[in-house]
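Presented below is the structure to which this report refers.
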Amino acid sequence: MSESGHVIPIDQFIGREFYPGYEPRLDARPYVAEPLALFGKHDEDRFWLRDTMHFGEGLTPASIALLEDAQTWGTQLGAEMTGIPPTAGMVNRLAGVHVYISQVPITSEWLMAARERRFGPLLAEKMTDFAAYWQGFVDELKAGYQHFDELNPATMTRDEVWHALQDAYAFHRRGWAIHFEVMYLLAANYLGLYGLAIEVGLDATEVPRWLAGERTSFLATDERMWALAMRARELGVDQALTAGPEQVDPEEVRARITTLPGGGEWWKEFVDFLTTWGQRTEETCTIDRPSWAEHPVTPLATIREYLATDDTYDFAAAEREVLGKRDELVAAAREKIPDEADRERFDTALEANRAANFVWWNEEHNFLIDRRIHLPVRRLSLALAEHLVADGELAAPEDVFYLFKPELYDAMAGRGDWARLAALVPARRDYYEQWRTRGDDLPPMVGTVPERVEDPLMTEIFGLTPEYLATIRHGLTTAELRGMPASGGVAVGPARVVRSAREIDQIRSGEILVCGGTTTEWTPAFGIVAAAVTDTGGSLAHTAIISREYGIPCVVGTAVATSTIRTGDRVRVDGEQGVVQVLTPGDS
Amino acid sequence: MTQRGGSLVWVDAVEPDQAASVAGAKMGRLADVHRAGVRIPRGFAVTIESYRRHCADSGLDARIDEAVEAVGPDPSTVAVEEASKTIRSLFDTTPLPDALGAEITAAYQELCRRCAGVDVPTAVRSSATGEDSADASFAGIFDTYLGVSGASEVLTAVRSCWGSLFTARALDYRLRNGISHHDMPIAVGVIELIPARASGVAFSVHPVTGRSDRVVIETSWGWGEAIVQGLVDPDHVEVGKSDGRVLTYHVAHKAVVSGLDDATGRVAETDMPAELADRRVLDDEPIGAITEAVTAIERHCGYPVDVEWVMAEDRRLGDPICIVQARPVTGTRPKAPAPAAFDPAALAQKYLFGGKKRTAER
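In order, the protein sequence lines correspond to chains A and B. Per the numbering used here, residue 80 is the first one in the first sequence, and the count goes up by one each step. Per the numbering used here, residue 83 is the first one in the second sequence, and the count goes up by one each step.
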């Protein structure tokens, strides 16, 4: 790390009690380069970014095993399998129940060169026919989901469920191995186009916009929710969806709507929608949370908000506009290249990136992996817990989320003490609740803030650009924030500062969304907000991609938006320049 | 004023085929730039002949030879430094011939008249034979004084430039390579110091990749010394040579500026005012003027050039840019054939792994 790095102390996280009864177990801890750990003083020599993008709400003990599979083991395995030169993956630290992430850099020049020799040919091979390469993984994952969906735990014995749960854990890990193999390869292919843009003298920050407009399953989900909103109007049952308390209670909505003529029909269509499109949770790895299909608060709140606006959203028109803008930008960029041979290289590179579109994939894969891959573990954990409750070993099924994975494995193998574990659950639940609410007060970054970060996923997705890092180092808070211009246009409106996916339903039409960093769960909000601003995130962060698809202005990676702007402030967002101004403070 | 064999020549009046042999490499090329139809500052050169005559007539030659011989062919660093100090003080203490002094004074007054000023500040620059030549071994090691005002200061600066032929580095190089100082006499240019709003360098080819389809400009506020000496990170501009379009403009954080020091009247480096540090220096219009000048010089010379240029404080839209130095581009790589296929791993490695760069490497 840079000598001039600015140090944000991590003392507050050191030596604190972790989840009661926790015993460090290295043998049960998956990693390739470096294991997940609690913070130690030596960690102050590196930077640690709080990952609100994936884990804003904090993790229960059972979810921590899934975090290890994903961000520690998964990234490290992906980096090792592909041999991407500058990084050995990422690694996590825990502050209470909250997640910090850092990079495992590769500094040896020999190693980097050796990896480069290995990486280039592999990348070329996989990019030759990316569609087929990715489709192979899609088929594999879908077959896995089908297998688990077809299980009927209600008819299975305790042992059968236990074996199926172990399969689900294995499937989870396999999903993350696929995830980071593909992600590192695609990131490099994308950065190749970025490098070529620099080499031929183009504005490389335009690259993601050249690749915009390809349909994702998330946009398809939004479109179906709009259709469901319009369908409710058509059937005359929309009042039943817009009435009721602020906080949506799905059971109450169902009861209300199914008493109306046409209401039962609408609810059936809604359930059909959930079966296909509702296999997603609010956050990554968090198995204590229900999916949309289990508990559809977010889709119902979204449909209600769609009904609150008078107009409809024309997805086809928006798509045409995004594609038109994309083609204009590409033509203008191409025109700027003076050399004929360079123009040909540009065409080849763009074609290669359209065939293996990282901007698209970076959204699309979430639907198949990040938001879903833990659902079989959740379902089978709860099914196992039903047996454990029946056998008198746990007090309630949800208690299983407060056991660490090695504890569960030991106890199931007859090496554990169920009574001890069951007794720990209430204290662990208290610990989780007490830390969960502290999330907003935690520093976005701790340790030594470097001048730059080498891992391309860290720069492009988490947005750790030199500018972001400089803002963190200098602790800037001004009326004018600067970030990465992620989606063009200018918008003025009242700010809505949203701290977690749970607060999505507070967002109102025409507001400017200000948040730490959105995840896929936030997608529905983009149909109604006027602009989006984030603390973290790069050109390929979810917020950036979705803003471009919806054609709204967006500035990402301002570092300090949520700590500077308050709900109700009147703000101006310039998505071309990457500037956000507070025009007039709100009344709060 | 005289021409061949004379003491002084005006840079805009010297015969092109004699310019370098009379006024040294640097002033010779400036005269050539003028012939290419490009604007240069007004000024004159104290000729190589003047230097020779002074060294011979005053007895300096004999005393220099004595000091040089004393250190021998393979001297220690200390011995070279001692000899350098001795010789340079000889130049400082040996008065100019009265006639030459009067001629330089008169030429300086004429320069002031041409510039419509009193005690006009000047740049007094060494212009050695062989300096800035293709091998460029001596580039930049002889003295230049910026902000020299008044006749007597000019006279002193001329003698100091002569003495700079004997800096320890130059002396050491000649001794090791068996070159006699008699074989590389020096001229001195006395050139108006243009009040600079901004300055910089410009290359008629990409200095790193050798690509000939673009002009590369680096610029900062004030005079160009801080850029030439690498003291400031300048704005970096790349321009398409065929159509003059700006392809890249990277605004740098410019922490240092070369400006006039009020106490000494000389150009010196100070902290850049905060309001200028991150401001873009050049609009498209002056970029066009610089591109036009550097391509005209390249066309005239028939080889790629790099130049130092100044944008005057009172420059108006459409005015030409002033070129203060030009020389053949040194050290460019041969133009690499453009790779036919897209090699993402190599490009990512080159530009991004290890920290994202915003512009092509310089």
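Backbone N, C-alpha and C fix where the C-beta goes; we use that ideal spot for every residue, glycine too. Model, not experiment: these values are computed from the prediction.
Problem set entry | the ligand ATP heavy atom lying under 8 Å from the CB of A464(A) | Judged by which ligands are present, the structure shown has none, so any question about the ligand ATP falls away.
For this session: Closer than 7 Å, Cβ to Cβ, to anything on chain B: give me those residues from the stretch 401–425 of chain A, in chain order.
Result: Those residues of the stretch 401–425 of chain A that come within reach of chain B (Cβ to Cβ, closer than 7 Å) are K415, P417, D418, A420, D421 and R424.
Exercise. Where in the stretch 89–137 of chain B do unbroken runs of the alpha helix (DSSP H), each at least 4 residues long, occur, reported from the N-terminal end onward?
Worked result: Within the stretch 89–137 of chain B, the complete alpha helix (DSSP H) runs of at least 4 residues are 101–117.
Exercise. Does the count of Cβ pairs from the stretch 197–212 of chain B and the stretch 261–277 of chain B closer than 8 Å reach three?
Worked result: Yes: the two stretches touch, three or more of their Cβ pairs being nearer than 8 Å.
Problem set entry | Test: D282(A) CB closer than 9 Å to a CB of chain B | Closer than 9 Å to some Cβ of chain B, the Cβ of D282(A) qualifies, so yes.
Exercise. Would you call T95(A) buried or exposed, if buried means 16 or more other Cβ atoms sit within 10 Å of its Cβ?
Worked result: Note that residue 95(A) is Arg in the sequence shown here, rather than Thr. Taking all protein chains in view, the Cβ of R95(A) is surrounded by fewer than 16 other Cβ atoms within 10 Å, so the residue is classified as exposed.
For this session: Could you name the residues of chain A that E320(B) contacts, counting a contact when the two beta carbons are closer than 7 Å?
Result: Chain A residues near E320(B): G280.
Exercise. By the criterion of Cβ-Cβ separation under 8 Å, what are the contact partners of A431(A) in chain B?
Worked result: Here the neighbours are F424 and P426.
Problem set entry | Min CB distance M206(A) to chain B below 9 Å | Closer than 9 Å to the CB of M206(A) there is at least one CB belonging to chain B.
For this session: Look up C594(A) in the DSSP assignment and say whether it is helix, strand or coil.
Result: Note: C594(A) maps to strand in three-state DSSP.
For this session: Give the residues from the stretch 326–339 of chain B that approach chain A closer than 7 Å (Cβ to any Cβ), ordered along the chain.
Result: Answer in chain order: R327, L329 and T330.
For this session: Per DSSP, which residues does V319(B) bridge with? Please list them.
Result: As a beta-bridge residue in DSSP terms, V319(B) pairs with I299(B) and Y331(B).
Exercise. Among residues of its own chain, excluding the 5 on either side of A113(B), which ones have a beta-carbon nearer than 6 Å to its beta-carbon?
Worked result: These residues qualify, in order along the chain: V93, V96 and A101.
For this session: Note down the Cα distance separating G562(A) from A609(A), rounded to an integer number of angstroms.
Result: Each residue's alpha carbon lies about 18 Å from the other.
Exercise. Closer than 9 Å, CB to CB, is A203(A) near chain B or not?
Worked result: Yes, A203(A) counts as interfacial toward chain B.
For this session: Please check if any C-beta of chain B sits within less than 9 Å of the C-beta of A620(A).
Result: False, the Cβ-Cβ gap to chain B never drops below 9 Å.
Problem set entry | C-beta neighbour in chain B for P340(A), strict 9 Å | Using a Cβ-Cβ cut-off of 9 Å, P340(A) does not count as an interface residue toward chain B, since no Cβ of chain B sits closer than that to its own.
Problem set entry | At least three beta-carbon pairs within less than 8 Å, the stretch 121–136 of chain B to the stretch 180–193 of chain B | Result yes; three or more Cβ-Cβ pairs closer than 8 Å.
Exercise. Between T284(A) and the rest of its own chain, which residues show a CB-CB distance below 8 Å, the 5 nearest in sequence each way excluded?
Worked result: Cβ neighbours of T284(A) beyond the five flanking positions: M563, P564 and S618.
Problem set entry | Nearest neighbour of R645(A), chosen from R252(A), C633(A) and G572(A) [CA to CA] | Comparing C-alpha distances from R645(A) to each of R252(A), C633(A) and G572(A) shows the shortest one belongs to G572(A).
For this session: Have a look at the DSSP bridge pairing and note the partners of R651(A).
Result: In the DSSP output, where bridge partners are listed per residue, R651(A) has V571(A) and Q660(A).
Exercise. Under three-state DSSP, which class holds I405(B)?
Worked result: Note: I405(B) maps to strand in three-state DSSP.
Exercise. Do you know whose CA, among V111(A), E398(A) and G606(A), lies nearest D40(A)'s CA?
Worked result: The structure shown does not extend to residue 40(A), since chain A spans only 80 to 667, so no value can be given for it.
For this session: Mind checking the stretch 432–454 of chain A against chain B and listing, in chain order, the residues whose C-beta falls within less than 8 Å of any C-beta there?
Result: Result list empty, no residue passes.
Problem set entry | Per-residue burial, W189(A) [other beta carbons within 10 Å of its own, 16 or more giving buried] | W189(A) comes out exposed.
Exercise. In or out: H258(A) buried (at least 16 other Cβ within 10 Å) or exposed?
Worked result: Buried: at least 16 other Cβ atoms inside 10 Å.
Problem set entry | Length of the line joining the Cα atoms of F435(B) and T161(A) | Using only the alpha carbons, I get a separation of about 15 Å.
Exercise. So W356(A) packs on R303(A), CB below 8 Å; how close in whole Å?
Worked result: So it is a contact: roughly 6 Å between Cβ atoms.
Exercise. Does DSSP put Y227(B) in a helix, in a strand, or in coil?
Worked result: Strand.
Problem set entry | Helix, strand or coil at N259(B) [DSSP, three-state] | DSSP, read as helix, strand or coil, puts N259(B) in helix.
Exercise. Hey, does L364(B) have any beta-carbon neighbour from chain A nearer than 9 Å?
Worked result: It does not: the Cβ of L364(B) has no partner Cβ on chain A nearer than 9 Å.
For this session: Give the C-beta separation of G542(A) and V635(A) to the nearest angstrom, bearing in mind that I take them to be a contact with Cβ-Cβ under 8 Å.
Result: For a cut-off of 8 Å, the C-beta gap from G542(A) to V635(A) is around 6 Å, short enough to register as a contact.
Exercise. What are the boundary residues of the alpha helix (DSSP H) that includes Y269(A)?
Worked result: Taken as a continuous stretch (DSSP letters only), the alpha helix (DSSP H) holding Y269(A) covers R237 to E278.
For this session: Would you mind reading off the limits of the beta strand (DSSP E) that contains F457(B)?
Result: Examination of residue 457(B) is not possible in this model, given that chain B is present from 83 through 444 alone.
Exercise. Name the DSSP beta bridge partners of N171(A), please?
Worked result: DSSP lists I180(A) as the beta-bridge partner residues of N171(A).
Exercise. Whose Cβ in chain A lies nearer than 9 Å to the Cβ of D295(B)?
Worked result: Here the neighbours are P417, D418 and D421.
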